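>
Structure, rendered in C-alpha cells:
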C-alpha cells in the first residue's frame, strides 16, 4: 500500500510539473490528518511530494513542512546540570521536562522526576488565515536551528510560509538555571494570517503524580497566577474551577514540590485559567492529580507578534524562586499576612541555619524546642491565669447561689470580685490567641519545605510524606490504608496535654446560667481532639507530625515545671486576699462596663 501511494504521488507531481498548474486550496477536512502526519514524518518521501500532500490542508505553511530540517530531526534537546528539556519540531513546544536533581518517590527507583512526559502537555497558538481557515501550531512543523551564544544554548524554531515569512519560537537555556528565556515573534505574516485580533495561546498540562501520597500531593497542587501589577491568587481545590483575569503577568501550574510557570514581560490583557481535579478515588486515580489550562491572548503590534516571556520548569523551592525577584516566591504556600511573614523572616532562616549543622529530623526537633522555649512565657501567663481563676471559683460559685434569681446582679458582683482580686478573666485567652499565628505558620511551613522531600529520620523514609509502619489490607475512610506512627505519638501527647490543661480550665471556668456545662464539654474534647489528630494526620507529612509530637511533649514538661516548682496556689490565694483589701481603681474600660451594668439594672427596676 505504501509503494502504491508513493507511486501515485510521484505521478501527480510529474503531472503538476508538466501542466505547470498550482494546486488548488481546499478545506482541512479534505486531507485526512492521520495520512498527512504519516507522510510528513517519513523522510524517504521527496520534498515535492510532501509539499503536494500538505499544501491542501496547510496552505502557505506547507513550505515549512516540506523543509527537510523540520522533519529529519524530530526533536531537539536543551540540557544543563539541573534540567533536561526535549522540544519537538511538530508544534515547537516542550514534550519532556526532566528534573535531573530529583528522583521519583518509588523506593530504589533511579528515574528522575518528569514534569512533562508522554504527551501530558500541549502548547499551541490558534492561527486564523486570511482565507478563513483555522490552524493550530501544535499540528504544524517548525524548522529548528540550535546555536550557542555566550555559553547559552539557543534554539530557534521557525514555522515558515517562505524564507522571509515565519512564526518563530526562541528558547534560551542558561547554565545551572531552571529558567528559560522564551520569545514568540512573527515576520511578514500580515497577508497570510488575520492580525486584526489577538491570537489565542492555549497552554495545558495534565499533572503527573510525583510523590508517595497522591491525596496529600493533590492537596497542594493548584493553579496560581499574578495579575494587575503584583497581586496573586489561586483557583482552589474544587472539582472544576475557572476564572477570567485581567493583566496577567504569570501563570503557575504548581504540583506540590515542582512547578511549571509561564511569565511574560508584557501582561496578557485577559486570561482564562481552569483547574480540574482528577483524583476522585485515591485508590484508583493514582497517575494524575489535576488538569490545568490557560488561554492567553497574544496581541499584535504594527501587524507583528513580539512577545518576550520566560519558562520555569523546576522545584517549588522558596530560595530558588525568590532569587528571580519576580514575586515567584508567592507560589510557595507559606500562608497569608502575619503567617507568611513569620515563615519568611523567622522559621525559614532558622531552619536553614539548623540544617547546616544537623540532619533534617534533628533540625525539626531543635526548631520545635526553640519555638516552645520562645513561647514558654505565654504558656506561663496562661497557666497563671487558670490558677487564679481556679482559686476564685468557690467565691464565684457562692455569688451564683446568692444571686441565682438576679443574673444581672450576679454579673455585677462577679466583675467587682475580679476587680478587687486583681484577676482578668480574659488573661488566659490572650496568650492562647498569641500562639495561633505560630501554630498556623508552622502548619504551612512543613508541607511547603521541599528540603524535607525524601529525607529520612528514624522509621520515616520521607519527612515530606507519611511514615507508614503497617500497610492495611483494607482502607478506612479518612484514615487510609496504612498506619503512620508519628501521628499516633502526637495523638498520645495531645491526650496527656489536654488531660493536664482541660481539667484546670473546667475548674477555672465560672458557671453561666443557661449555658452548657463547659466542664463536660472539655472532658469530651480530651478524647475527641486526639482521635481527630490521629485520623487527619495519618496522610500528612511525617515532619509535621514529628513537630506536634515533640511540641506537645515539651509543653507537658514545661507545664509540670510551672505547676510544681513555679506556681504555688496557696501563695496565689493569699495574694488575691491581699489585693481585696487594697483600694482598687478601675480602668476606663472597667468603669464603662460597670456603668452599663448599673444602667441596665436601673432600667430593669423601672420596668418592674
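Residue numbers (full-length UniProt numbering): 1 to 608. Quick reminder that beta carbons are idealized off the backbone N, C-alpha and C, glycines included. Only a predicted model underlies this, so the values are computations on that prediction, with no experimental measurement involved.
1. Note down the Cα distance separating residue 26 from residue 292, rounded to an integer number of angstroms.
2. Within a Cβ cutoff of 6 Å, which residues of the same chain sit near residue 218, ignoring the five residues on either side of it in sequence?
3. Rounded to whole angstroms, what's the CA-CA distance from residue 166 to residue 252? Just pull it up for me.
4. Within its chain, find whatever has a CB closer than 6 Å to the CB of residue 67; leave out the 5 residues flanking it on each side and keep chain order.
5. Residue 133 bridges to which residues according to DSSP?
6. According to DSSP, is residue 336 helix, strand or coil?
7. What residue from 294, 209, 329, 283 has the CA that sits closest to residue 235's CA?
8. Using only alpha-carbon positions, find the residue among 541, 407, 478 that is nearest to residue 604.
9. Helix, strand or coil for residue 44 per DSSP?
10. Which runs of the alpha helix (DSSP H) at least 4 residues long sit entirely within the region 354-385? Give them in chain order.
11. For residue 351 versus residue 451, is the C-beta distance shorter than 9 Å?
12. Who are the near neighbours of residue 340 in its chain, counting only those whose CB is closer than 7 Å to its CB and skipping five residues on each side?
13. Could you check which residue in 475, 213, 268, 273 has the C-alpha nearest to that of residue 466?
14. At 3 residues or longer, what runs of the beta strand (DSSP E) sit wholly inside the region 78-112?
15. Can you tell me which residues form a DSSP beta bridge with residue 243?
16. DSSP state of residue 28, grouped into three classes?
17. Under the rule that 16 or more other beta-carbon atoms within 10 Å means buried, what is residue 379, buried or exposed?
18. Can you tell me whether residue 460 is buried or exposed, with buried defined as 16 or more other CB within 10 angstroms of its CB?
19. When burial is assigned at 16 or more other CB atoms within 10 Å of the CB, is residue 472 buried or exposed?
20. Taking 9 Å as the threshold (C-beta atoms), are residue 338 and residue 437 in contact?
21. Quick check on residue 37: does DSSP put it in helix, strand or coil?
22. Could you name the residues of the same chain whose beta carbon sits closer than 7 Å to that of residue 508, not counting the 5 residues immediately before and after it, in chain order?
23. Would you say the beta carbon of residue 250 is closer than 8 Å to some non-hydrogen atom of the ligand PLP?
24. Is it true that the CB of residue 130 sits closer than 9 Å to the CB of residue 191?
25. Around the Cβ of residue 137, are there at least 16 other Cβ atoms within 10 angstroms (buried) or fewer (exposed)?
26. Is the beta carbon of residue 530 less than 9 Å from the beta carbon of residue 558?
27. Do you know offhand how far residue 102's Cα is from residue 215's?
28. Whose C-beta lies closer than 6 Å to the C-beta of residue 139 among residues of the same chain, with five residues either side of it excluded?
29. I think residue 255 touches residue 115, with their Cβ atoms under 8 Å apart; what is that distance to the nearest whole Å?
30. Terminal residues of the continuous beta strand (DSSP E) containing residue 170?
31. Which runs of the beta strand (DSSP E), 3 residues or longer, sit entirely within the region 414-498?
32. Quick check on residue 329: buried or exposed, where buried means 16 or more other Cβ atoms within 10 Å of its Cβ?
33. Report the three-state DSSP secondary structure of residue 225 (helix, strand or coil).
34. Distance, Cα to Cα, residue 89 vs residue 261?
35. Measure from the alpha carbon of residue 123 to the alpha carbon of each residue in 152, 141, 113, 92, then state which is nearest.
According to the structure data:
1. Against the chain shown, residue 26 aligns to sequence position 26. Against the chain shown, residue 292 aligns to sequence position 292. Interpretation of residue 26 is limited by its pLDDT of 36, a score under 50 that renders its predicted location unreliable; the figure taken from the coordinates is listed afterwards. A straight-line Cα-Cα distance of about 35 Å links residue 26 and residue 292.
2. Your numbering for residue 218 matches position 218 in the chain shown. So the qualifying residues of the chain are 279, 289.
3. Within the chain shown, numbered from 1, the residue matching residue 166 stands at position 166. Within the chain shown, numbered from 1, the residue matching residue 252 stands at position 252. So the two alpha carbons sit approximately 29 Å from each other.
4. Along the chain shown, one-based indexing puts residue 67 at 67. Within the same chain, residue 67 has close Cβ partners 143.
5. Position 133 of the chain shown, counted from the first residue, corresponds to residue 133. Looking at the DSSP output, residue 133 sits in no beta bridge, so it has no partner there.
6. Along the chain shown, one-based indexing puts residue 336 at 336. Coil, per DSSP.
7. Position 235 of the chain shown, counted from the start, is the residue given in the question as residue 235. It is 294 whose Cα lies nearest to the Cα of residue 235.
8. As a position in the chain shown, residue 604 is number 604, starting the count at 1. Nearest C-alpha to residue 604: 407.
9. Your numbering for residue 44 matches position 44 in the chain shown. Bear in mind that a pLDDT of 38 at residue 44, under 50, signals an unreliable position, so the number given afterwards is only what the model happens to contain. Shown here, residue 44 sits in coil according to DSSP, grouped into three states, outside any helix or strand.
10. none
11. The count along the chain shown starts at 1 and reaches residue 351 at position 351. The count along the chain shown starts at 1 and reaches residue 451 at position 451. Yes.
12. Looking up residue 340 in the chain shown gives position 340. Non-local beta-carbon contacts of residue 340 in its own chain, meaning distances under 7 Å to residues more than five positions away in sequence, involve 334 in chain order.
13. In the chain shown, counting from the first residue as 1, residue 466 sits at position 466. Closest option to residue 466, Cα to Cα, is 213.
14. 83-88, 94-103
15. Reading the chain shown from its first residue, position 243 is the one you call residue 243. Per DSSP, 273.
16. Residue numbering aside, residue 28 sits at position 28 when the chain shown is read from its first letter. Only weak support exists for where residue 28 lies, its pLDDT of 36 falling under 50; the coordinates are left without a value.
17. For the purposes of this step, residue 379 is identified with residue 379 of the chain shown, where counting begins at 1. By the 10 Å Cβ count, residue 379 comes out buried.
18. Taking the first residue of the chain shown as position 1, residue 460 is located at position 460. Buried, because 16 or more other Cβ atoms sit within 10 Å of the Cβ of residue 460.
19. Mapped onto the chain shown, residue 472 falls at position 472. Exposed.
20. As a working mapping, residue 437 is identified with position 437 in the chain shown. As a working mapping, residue 338 is identified with position 338 in the chain shown. Taking 9 Å as the Cβ cut-off, residue 437 and residue 338 qualify as a contacting pair.
21. For this step, residue 37 is matched to residue 37 along the chain shown. Residue placement at residue 37 cannot be trusted, given a pLDDT of 33 that sits under 50; what the coordinates show is reported in the next sentence. Reduced to three states, the DSSP call for residue 37 is helix.
22. Counted from its first residue, the chain shown places residue 508 at position 508. Because the pLDDT at residue 508 is just 48, under 50, the model does not fix this residue reliably, and the point stays unresolved.
23. Ligands are entirely absent from the displayed structure, and the ligand PLP is therefore not among its contents.
24. As a working mapping, residue 191 is identified with position 191 in the chain shown. As a working mapping, residue 130 is identified with position 130 in the chain shown. Yes. Within cutoff.
25. Your numbering for residue 137 matches position 137 in the chain shown. Buried, because 16 or more other Cβ atoms sit within 10 Å of the Cβ of residue 137.
26. Locating residue 530 in the chain shown gives position 530, where the first residue counts as 1. Locating residue 558 in the chain shown gives position 558, where the first residue counts as 1. For residue 530 and residue 558, no; Cβs fall outside 9 Å.
27. Your numbering for residue 102 matches position 102 in the chain shown. Your numbering for residue 215 matches position 215 in the chain shown. Their backbone Cα atoms lie some 20 Å apart in a straight line.
28. Position 139 of the chain shown, counting from 1, holds the residue named residue 139. For residue 139, where only same-chain residues beyond five positions count, there are no Cβ hits under 6 Å.
29. Working through the chain shown from its first residue, we reach residue 255 at position 255. Working through the chain shown from its first residue, we reach residue 115 at position 115. Taking 8 Å as the upper bound for CB-CB distance, residue 255 and residue 115 are in contact here, some 7 Å apart.
30. Taking the chain shown and counting its residues from 1, the one referred to as residue 170 is at position 170. Run containing residue 170: 165-173, per the beta strand (DSSP E) assignment.
31. 468-476, 480-484
32. Here residue 329 refers to the residue found at position 329 of the chain shown. The residue in question, residue 329, is buried, as its Cβ has 16 or more Cβ neighbours within 10 Å.
33. Walking along the chain shown from the start, residue 225 turns up at place 225. It is a strand residue.
34. Here residue 89 refers to the residue found at position 89 of the chain shown. Here residue 261 refers to the residue found at position 261 of the chain shown. Approximately 22 Å between the Cα atoms of the pair.
35. Here residue 123 corresponds to residue number 123 of the chain shown, with the count starting at 1. Among 152, 141, 113, 92, the Cα nearest to that of residue 123 is on 92.
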